[in-house]
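*Asks:* In the numbering used here, the protein residues as written are 11 to 311. Each residue gets a CB set at the ideal place from its N, CA and C atoms; glycine is no exception. All values reported here derive from a predicted model rather than from experimental measurement. Below are the structure tokens for one structure; questions will follow.
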């Protein structure tokens, strides 16, 4: 796996530059001037969205794709409105987020999710492939709770008398995956306490001992920062939810999709969480974190 990622990293600039040059030469021989489409890259103010927008944007830019950037959208609604207006051509999204936005059922497999997304997206928008990055909801616990209740799976938690579960207040009614869905999968009622509005709030409640475990995103940097331990979702209650680039027409050029595909392969859940940790602990900006990541991939061999 390491050698494969290194090979991908080495081709991220060189091979794509050669491809772009070849296309220009062919067109020049035909006497036709070549103007690459400009890909307008966007994101929301959410740190994950901003980081991924920078990684893909800088990656395309480094490989010769013409890139413009929009300021952070106020939220997903504003970001999608820009897509609908044709003023935005690339942004990071997630499979479950897109399916929920358009009122579609969430299939079990990623391939089926991609098919379903393309069936409901507006004309001129598409998804092609996911990154190896998952934002699936995950149950994490303190080390003390793991030891006290002998936990390794969510089934263990379901059968642990006295163990408590936290989560963001939205988890009680989330249409994509809720407390009711978790309880139905494990045929139990968890001792649930709403523990704020964010993953950071939930992690703080676990660290403070207010709850033993909590439901957070698998990308939450607090998993690493606070030393929380994930439980195996042995009943596969939480739907798979992968990061997926949302593309407008200019972002579907061969040059752009080649870079996007390579970055999809290089990015993993652990890699992205580590970058989010650096942003939170060291104060790195998304722009710096993205630049450092791309430079490390180019020099990894």
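#1: Could you pull the start and end residues of the beta strand (DSSP E) that residue 170 belongs to?
#2: Please list the segments of the alpha helix (DSSP H) lying wholly inside the segment 50 to 110, counting only runs of 4 or more residues, in order along the chain.
#3: Does residue 139 come out as helix, strand or coil in the three-state DSSP assignment?
#4: Should residue 38 go down as buried or exposed, given a rule of 16 or more other Cβ atoms within 10 Å for buried?
#5: So, helix, strand or coil for residue 162, using DSSP?
#6: Do you know offhand how far residue 65's Cα is from residue 171's?
#7: Which residue's Cα is closest to the Cα of residue 255: 58, 46 and 47?
#8: If I'm right that residue 126 touches residue 139 with Cβ under 8 Å, what's the distance once you round it to whole angstroms?
#9: Mind checking whether residue 315 and residue 51 have CB atoms under 7 Å apart?
#10: Leaving aside the five residues before and after residue 46 along the sequence, list all residues of the same chain whose C-beta is less than 6 Å from its C-beta, in chain order.
#11: To the nearest angstrom, how far is it from the Cα of residue 292 to the Cα of residue 197?
#12: Using only CA atoms, which one of 262, 261, 239 and 290 lies nearest to residue 155?
#13: Where do the ends of the beta strand (DSSP E) carrying residue 204 lie?
#14: For residue 192, report the span of its beta strand (DSSP E) as first-last.
#15: Measure from the alpha carbon of residue 299 to the alpha carbon of each residue in 62, 53, 130 and 123, then state which is nearest.
#16: Please report the distance separating the alpha-carbon of residue 94 from that of residue 160.
#17: Helix, strand or coil: which one does DSSP assign to residue 255?
#18: Entirely within the segment 267 to 295 and at least 4 residues each: give me those alpha helix (DSSP H) ranges in chain order.
#19: Check residue 224 in the structure and name its three-state DSSP category.
#20: Could you check the C-alpha separation between residue 237 and residue 153 for me, to the nearest Å?
#21: Between the C-alpha atoms of residue 258 and residue 267, what's the straight-line distance to the nearest angstrom?
*Replies:* Taking the structure as given:
#1: Careful: residue 170 lies outside any beta strand (DSSP E) and carries neither H nor E.
#2: 57 to 72 and 86 to 95
#3: coil
#4: Any reading at residue 38 needs caution, since the residue's pLDDT is 43, under 50, leaving its predicted position unreliable; the model's value is listed next. Result: exposed.
#5: coil
#6: 45 Å
#7: 58
#8: That belief does not hold up - the Cβ atoms of residue 126 and residue 139 are roughly 15 Å apart, past 8 Å.
#9: With the chain covering 11 to 311 only, the question about residue 315 has no answer from this structure.
#10: 76
#11: 42 Å
#12: 239
#13: 201 to 204
#14: Element bounds for residue 192: not the beta strand (DSSP E) but the alpha helix (DSSP H), 189 to 196.
#15: 62
#16: 50 Å
#17: strand
#18: 279 to 292
#19: strand
#20: 8 Å
#21: 11 Å
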